[in-house]
Amino acid sequence: MKTDQKNTSSTIKVIGAGFGRTGTTSLKVALNMLGFKCYHMQETGKHPTHNELWIDAYEGKLTDYDLIFKDGKQLKNDPYIATCDWPSTAIWEQLMEKYPDAKVILTLRDAEGWYKSMRNTVYRIPTEFSNSYFLPGAFRRMINMHTKLVWAGTFQNRFEDKDYAINVYNQHNERVKKLVPKEKLLVLDVTKGEGRWKELCEFLEVEEPSENIPFPRVNDTKEMEEKINKLNRLRWTMILTGPSVLVAAVACLMYFFLRK
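Numbering (my numbering), first residue to last: 1264 to 1523.
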């Protein structure tokens, strides 16, 4: 299997245009396995200073994307060369302009299932934790960035209006299909059937992993709900017992962000 993509170019080779909760974490793991180091929302937990950079990018103020994908010069020899999930999905068109040779992957699923998953997982984070004093500053900044780009930006603070949110989701997917040349676009439903390795690897022009390696399936709704419920339990423990459990809170958050 070809695994040396990161050494061939410092530019973004793959742009993930799908909304969160469409299998983006599974795609991230798959891309990493194929040698395309991928920037996913979870990376903001590793690079908390990037939150303001993403806001600048969303507002059109950031011209040097190496500040993110190379973390300035810290990742010069090991840059991210793929993206998926928010926050990068919020600027997928700008990324296409910046990296015109990049291929685009649109992950999607049925709209009803997508909305239910979003409502039961990702949307709970800003609504349940935005004012929690026990959270480290980096986590609060991530929530603020996500709120600006996704809830206030993409969904115009109307995500609770199911029909409106699903319409935004469907319009986004159709726009990607319309604007991206067919030869540069892969529409991928990671929740359906076999052959996902074949589909992805043919598109990226790399060899498939061995037959006994299944396509990743991680961070599904149940798993995500369990993580958020753990944070909620930790929040109430913090409220009842005070700062003595702060170390546990930080450890839990690291688990939340860094686990694949």
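Just so it is clear, CB atoms sit at the ideal spot from N, CA and C, and this is done for glycine as well. In this text, all values refer to a predicted model and were calculated from it rather than measured experimentally.
query                                                                                                                                                                                                 : result
Cβ atoms of L1412 and P1350: under 8 angstroms apart, would you say?                                                                                                                                  : yes
Cβ of K1300 within 8 angstroms of Cβ of I1331?                                                                                                                                                        : no
Output yes or no for whether 8 angstroms exceeds the beta carbon distance between L1338 and T1346.                                                                                                    : no
Terminal residues of the continuous beta strand (DSSP E) containing I1278?                                                                                                                            : 1277-1279
Once the 5 residues before and after K1269 are set aside, which same chain residues still bring their CB inside 8 angstroms of it?                                                                    : Only weak support exists for where K1269 lies, its pLDDT of 39 falling under 50; the coordinates are left without a value.
Taking C-beta to C-beta, are T1370 and G1281 nearer than 8 angstroms?                                                                                                                                 : yes
Cβ of A1353 within 8 angstroms of Cβ of G1279?                                                                                                                                                        : no
So, helix, strand or coil for I1368, using DSSP?                                                                                                                                                      : strand
Check for me: the beta strand (DSSP E) holding L1451 runs from which residue to which?                                                                                                                : 1448-1451
Along the alpha helix (DSSP H) that carries V1292, what are the first and last residues, could you check?                                                                                             : 1287-1296
Starting from the C-beta of Y1321, find all residues in its chain whose C-beta is less than 8 angstroms away, skip the five residues before and the five after it, and write them out in chain order. : P1350, A1353, I1354, K1411, L1412, G1416
Is the beta carbon of I1406 less than 8 angstroms from the beta carbon of P1389?                                                                                                                      : yes
How about P1477 and A1293: are their beta carbons less than 8 angstroms apart?                                                                                                                        : no
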